[in-house]
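Student: My numbering runs 256 ahead of the 1-based position in the sequence shown.
Think of the CB as a built atom: it goes at the ideal place given N, C-alpha and C, for glycine as much as any other residue.
Please read all numbers here as calculations on a predicted model, not as lab measurements.
Structure incoming, see below.
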Amino acid sequence: MTLASILTESRKRQQLASNPAASAWVSASAGTGKTKVLTDRVLRLMLDGTPPQRILCLT
Numbered sequence: 257m258t259l260a261s262i263l264t265e266s267r268k269r270q271q272l273a274s275n276p277a278a279s280a281w282v283s284a285s286a287g288t289g290k291t292k293v294l295t296d297r298v299l300r301l302m303l304d305g306t307p308p309q310r311i312l313c314l315t
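This is how it looks when you write it as structure tokens:
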């Protein structure tokens, strides 16, 4: 894989993980930004009007 293809794949996965209409499973090594993805997703859901009691986060 080239660096460009790795970055493209990474961007695609980030977009999928941030889609508020879909459930998401994020699995990666330590220090790769999983918690950042999770908190960004929760923020997006809440800004879009999702009640907090409808959000489940497991780490």
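Measuring straight from C-alpha to C-alpha, what distance separates Arg267 and Leu294?
Tutor: Their backbone Cα atoms lie some 16 Å apart in a straight line.
Student: Can you tell me where the alpha helix (DSSP H) holding Met302 begins and where it ends?
Tutor: Note, Met302: alpha helix (DSSP H), 290-303.
Student: Kindly indicate which three-state DSSP category Ser283 falls into: helix, strand or coil?
Tutor: Note: Ser283 maps to coil in three-state DSSP.
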